[in-house]
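K.L.:
Taking the working numbering, I'd label the letters of the sequence shown as residues -8 to 64.
Below is a structure I'd like to ask you about.
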Amino acid sequence: MVDLILKSIEEIKPFLQRDGGDIEFVELTPENIVKVRLKGACQGCPGAQLTLKSIVERIVKEAVPEVAGVESV
């Protein structure tokens, strides 16, 4: 399951990097919550939470339906 999550995050990276940001996988919790770290321009960006929920979470859940959610650490 982690391999599929990593693959989906790799697909998202170019879109974030285009705007000076990045994303890093941190862990998958026992509750199937994916923890990620937003980096670069994404770190502290007012729209980061919206990006996390509307884009990152959607893409990860499409790839791995067992994922309950995505959170930033």
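All C-beta atoms, glycine included, are put in the ideal place defined by N, C-alpha and C.
For clarity, every value in this text was computed on a predicted model and none was experimentally measured.
Less than 8 Å between the beta carbons of L19 and V25, yes or no?
P.N.:
If you number the sequence shown from 1, residue 19 lands on position 28. If you number the sequence shown from 1, residue 25 lands on position 34. Contact flag set, yes.
K.L.:
Shortest alpha-carbon distance to G60 belongs to which of D13, V(-7) and E22?
P.N.:
On the sequence shown, position 69 is the one that residue 60 refers to. Looking at the Cα atoms, E22 is the closest of the given residues.
K.L.:
Provide the residue span of the beta strand (DSSP E) that contains D13, from first to last.
P.N.:
Your numbering for residue 13 matches position 22 in the sequence shown. Start and end: G12 to L19.
K.L.:
To which residues of the same chain is K30 closer than 8 Å at the C-beta, ignoring the five residues directly before and after it?
P.N.:
Locating residue 30 in the sequence shown gives position 39, counting from the first residue. Here the set comprises G12, D13, I14 and E15.
K.L.:
In terms of DSSP beta bridges, what is L29 paired with?
P.N.:
The count along the sequence shown starts at 1 and reaches residue 29 at position 38. Answer is I14.
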